[in-house]
Every structure is written in C-alpha cells, then in structure tokens.
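Below: one structure, written as structure tokens.
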C-alpha cells in the first residue's frame, strides 16, 4: 500500500512541466497538499520548496523562468515596478497581471491562496532567502 501512496503523490509533479534547466522534481515528497510556488497549482510542500528554490536561483542569475504552460511573456509591458506574485521577485504590473491570469487559467491557483498558505516565510525583497 505504501508504494501506491508514494506513486499517487508523484503523479501530480510528474504531470507538471518545469523549465528543463531545473532538472527533475524531487522523487520523495511530504504527504501534504498546499498551493505551489510559481503558480504551478497544488501539491506537496516539498515540491513547492523545490520550485521556490529554483525561482530564487533564476532571479539571482537575472533570468527568471515561468511555467512553460503559461506560454510567452507579454512583449509590451508597463514601466512600473511592483512585487510579483508566487515568489517571482519584482517586475512590471503587466507581468504581475499575466502571472495572476495564467496561474488561474492553467493551474487554478491564485496569488492570495499561495501567499496565505504560509509558504511565503521570507522577505520578498531579498531573493537570497528561501525555505530550507
């Protein structure tokens, strides 16, 4: 039975598409169900921590990557700077609205749901802090 439960927990992560540079998601995950970082929907807090870690590493490199299922980032963007949802740091209001809309359409997740989950236990203005 344990193998069946483990397999069931791996199915959602296996079905998600992540940037290829991140490598495969963790094989062993906690048996909880939370809103995922990055707007990827819902799954294990272990998976959310893994996603958030990669988002922060990408931000440090100056090359954020968004869920492949979201499609292309809007080409025309406003010149304002604001906090982006789902742990993506800062960006334009256009980008913030695009992330909100695509996360809801593709994975049925809202920024409020993720931010209210307790997974955002970091200072959003420092990209070097993430859950350990």
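In our numbering, the protein residues as written are 16 to 147. Glycine residues also receive a C-beta, built at the ideal position from the N, C-alpha and C atoms.
> From this set, 49, 35, 74, which residue's C-alpha is nearest residue 127's C-alpha?
Replying inline: Mapped onto the chain shown, residue 127 falls at position 112. Nearest C-alpha to residue 127 among 49, 35, 74: 49.
>> Quick check: residue 89 and residue 55, are their CB atoms within less than 8 Å of each other?
In response: Position 74 of the chain shown, counted from the first residue, corresponds to residue 89. Position 40 of the chain shown, counted from the first residue, corresponds to residue 55. Not in contact: residue 89 and residue 55 (Cβ atoms no closer than 8 Å).
> Roughly how many angstroms lie between the CA atoms of residue 118 and residue 112, to the nearest whole one?
Replying inline: For this step, residue 118 is matched to residue 103 along the chain shown. For this step, residue 112 is matched to residue 97 along the chain shown. In this model, residue 118 and residue 112 are separated by some 10 Å (Cα to Cα).
>> So the candidates are 123, 99, 93, 94; which of them puts its Cα closest to the Cα of residue 71?
In response: Mapped onto the chain shown, residue 71 falls at position 56. Relative to the Cα of residue 71, the nearest Cα in the group 123, 99, 93, 94 belongs to 99.
> Buried or exposed: where does residue 62 fall if 16 or more other Cβ atoms within 10 Å of its Cβ makes it buried?
Replying inline: Residue mapping note: residue 62 aligns to position 47 of the chain shown, counting from 1. So residue 62 ends up on the buried side.
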